[in-house]
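Numbering (our numbering), first residue to last: 16 to 197.
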Ligand SMILES: [Zn+2]
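This is how it looks when you write it as structure tokens:
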């Protein structure tokens with residue numbers, strides 16, 4: 016995608032990769048797609064781990080999309096490493112699109128610049144994403160904690176997010192920003 020490599024894009028890739036220490040030192044091929052926001056070739060065998068590829072739609076690219084695709088790479092890598100008896104730091108990231116969204120948002124506030132695609136969000140939350148982003152991220156982090164003892168952590172998360180939309184939004188006096196009572 017050399018022709019489309021703008022400074023903005025390079026900076027975004029660099030910023031995003033800094034949040035993925037697990038991918039440090041690995042070669043990742045970044046390609047271009049017009050069809051989707053992004054896609055990843057998820058490595059499923061040890062041989063594939065050497066060739067990591069993501070594709071991104073450059074126009075109006077969001078950190079959330081980059082983070083989502085990089086998390087897909089980790090889903091594959093963590094499975095390979097686990098099956099070879101070498102669990103990655105932080106444990107395995109389970110496969111699945113919703114799981115990918117949750118782990119991406121939990122990873123860093125950087126990836127909160129756009130609403131996740133697969134996680135179920137009430138309309139009010141999706142349409143007012145900037146207002147809800149931080150609260151949803153906190154809930155994602157809580158859900159990963161919950162997962163250690165509760166199998167239905169994704170359902171728990173989506174119900175908590177649904178609750179968010181029901182709570183009245185309040186205007187904070189200090190900075191004039193909308194805050195949620197979370
Ligand atoms: Zn995906």
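Ideal placement from N, C-alpha and C gives every residue a C-beta, glycine not left out. Keep in mind that this is a model prediction, so the values were computed, not measured.
Item: Those runs of the beta strand (DSSP E) which lie wholly inside the segment 58-133 and span at least 3 residues; Value: 67-71
Item: With 16 other Cβ atoms within 10 Å as the buried cut-off, status of residue 170; Value: exposed
Item: Residue 115: CB within 7 Å of a non-hydrogen atom of ligand 1; Value: yes
Item: Burial state of residue 50, where buried means 16 or more other Cβ atoms lie within 10 Å; Value: exposed
Item: Beta-carbon proximity of residue 88 to residue 58, cut-off 8 Å; Value: yes
Item: Those residues which DSSP pairs with residue 44 across a bridge; Value: 68
Item: Check: residue 112 C-beta below 7 Å from any heavy atom of ligand 1; Value: yes
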